[in-house]
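Below is one structure, written out as structure tokens; comments come after it.
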Amino acid sequence: MQANTIPDNKLVQLYLAGDESAFAELVNRHKDRIYTYIYLFVRDTYLAEDLLQETFIKVVDKLRTGKYQEQNKFLPWVSRMAYNLCIDYYRRDKRMPKVTTRDGFDIFSVLKFSDGSAEDRMIEDQFATKVRRILDELPAEQKEVVILRHYMDMNFREIAEMTGVSINTALGRMRYALINLRKLIEAKNISI
Amino acid sequence: MTKTITQDNLIRFMYGETTPEESSLIEEALRSDWELKELYETLQEGKAELDKVKLSPRKEVVDKILRYSKDNAPMEEHSL
Numbered sequence: 011m012q013a014n015t016i017p018d019n020k021l022v023q024l025y026l027a028g029d030e031s032a033f034a035e036l037v038n039r040h041k042d043r044i045y046t047y048i049y050l051f052v053r054d055t056y057l058a059e060d061l062l063q064e065t066f067i068k069v070v071d072k073l074r075t076g077k078y079q080e081q082n083k084f085l086p087w088v089s090r091m092a093y094n095l096c097i098d099y100y101r102r103d104k105r106m107p108k109v110t111t112r113d114g115f116d117i118f119s120v121l122k123f124s125d126g127s128a129e130d131r132m133i134e135d136q137f138a139t140k141v142r143r144i145l146d147e148l149p150a151e152q153k154e155v156v157i158l159r160h161y162m163d164m165n166f167r168e169i170a171e172m173t174g175v176s177i178n179t180a181l182g183r184m185r186y187a188l189i190n191l192r193k194l195i196e197a198k199n200i201s202i
Numbered sequence: 860m861t862k863t864i865t866q867d868n869l870i871r872f873m874y875g876e877t878t879p880e881e882s883s884l885i886e887e888a889l890r891s892d893w894e895l896k897e898l899y900e901t902l903q904e905g906k907a908e909l910d911k912v913k914l915s916p917r918k919e920v921v922d923k924i925l926r927y928s929k930d931n932a933p934m935e936e937h938s939l
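These protein sequence lines map, in sequence, to chains A and B. Taking this note's numbering, I'd label the letters of the first sequence as residues 11 to 202. Taking this note's numbering, I'd label the letters of the second sequence as residues 860 to 939.
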């Protein structure tokens with residue numbers, strides 16, 4: 011069986027049995043998605059890399075100490091750790107948002123906070139700039155669902171719980187986000 | 860548009876969150892309902908744009924992660 015066809019959970023088992031290459035496969039399989047998610051959250055390439063590193067260090071530590079419980083959902087498990095680290099960062103940095111959701115945090119008010127001095131440090135390529143421009147034009151609640159569903163791989167039930175809305179509301183926001191995304195790209199003649 | 864297939868079900872279908880029975884119903888509806896199919900294509904196009912949004916960390920960052928893993932390999936007794 012080729013490495014890229016082995017399910018995540020099997021790779022975790024192989025890693026726990028001492029196969030280091032299984033962990034490398036997990037990292038390579040998910041690093042871009044998690045990094046993109048963190049980047050969309052913090053808007054700073056260096057900070058995103060630091061948080062990505064911190065996320066996977068936590069993954070190693072938790073696996074090492076037998077704390078991996080969600081055997082069938084490795085990516086959401088890692089994504090949630092990344093999410094918590096992003097929140098911790100802003101709390102440490104005293105950049106708490108003013109708008110709160112059920113868990114006391116609104117990630118998209120944080121996005122706006124990071125646009126100032128962090129942007130000066132940020133080296134963005136043209137692609138990342140286009141990404142941000144397009145996603146920034148979506149209403150905050152739609153952008154939130156897009157990031158949680160598309161990049162964090164959380165299902166709509168989990169998103170509804172996390173954001174304190176009904177599943178139908180989360181689904182509706184995703185539907186409008188996708189439709190708006192198409193309209194924005196067409197209107198601006200942007201190709202990403 | 861097919862009344863039994865809601866627009867939100869299309870979203871669940873697109874993200875693989877429908878049951879096999881629901882998926883069959885939606886697939887059937889998509890074959891016969893052009894309005895639903897048109898909406899589905901628009902949603903898919905939006906999703907395809909998101910799929911293109913992929914950034915990568917630098918190689919040295921990945922190397923650091925793998926090095927940490929190597930230096931802190933899990934103990935064998937912690938198997939699943």
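We put the CB at the ideal spot given by N, CA and C, even for glycine.
{"query": "Any chain A beta carbon closer than 8 Å to B:Tyr899", "result": "no"}
{"query": "Beta carbon proximity, A:Glu154 to chain B, threshold 8 Å", "result": "no"}
{"query": "Short CB-CB distance (under 8 Å) between A:Ile16 and chain B", "result": "no"}
{"query": "As assigned by DSSP and simplified to three states, the class of A:Met164", "result": "coil"}
{"query": "Three-way DSSP call (helix, strand, coil) for B:Val912 in this model", "result": "coil"}
{"query": "Within 8 Å, strictly: CB atoms of A:Ala180 and A:Ile169", "result": "yes"}
{"query": "Near-chain A residues of the region 906 to 930 of chain B - C-beta to any C-beta below 7 Å", "result": "Lys906, Glu908, Leu909, Lys911, Val912, Lys913, Leu914, Ser915, Pro916, Arg917, Val920, Val921, Lys923, Ile924, Leu925, Tyr927, Ser928, Lys929"}
{"query": "Residue-level contact to chain A via CB, B:Leu902, 8 Å cutoff", "result": "yes"}
{"query": "Separation of A:Asn165 from A:Glu151, as counted between CA atoms", "result": "16 Å"}
{"query": "Interface partners of A:Phe166 on chain B, CB under 7 Å", "result": "Arg871, Glu876"}
{"query": "Inter-residue Cα distance where the pair is B:Ile885 and B:Leu869", "result": "7 Å"}
{"query": "Under 7 Å by beta carbon: chain B residues contacting A:Met184", "result": "Ile870"}
{"query": "Residue nearest to A:Val155 in terms of C-alpha spacing, selected from A:Glu147, A:Asp146, A:Ala197, A:Thr173", "result": "A:Thr173"}
{"query": "Under 7 Å from the C-beta of B:Asp892: neighbouring residues of chain A", "result": "Simply none; closest approach about 17 Å."}
{"query": "Contact list for B:Ala888 against chain A, beta-carbon separation under 9 Å", "result": "The premise fails here: B:Ala888 is roughly 16 Å from chain A at the closest Cβ pair, so nothing lies under 9 Å."}
{"query": "Through-space distance from B:Glu887 to A:Asn178, alpha-carbon basis", "result": "23 Å"}
{"query": "Outcome for A:Lys122 when other beta-carbon atoms lying within 10 angstroms are tallied against a minimum of 16", "result": "For A:Lys122, the pLDDT reaches just 43, beneath the cut-off of 50, and the residue's location in the model is therefore unreliable, leaving the point undetermined."}
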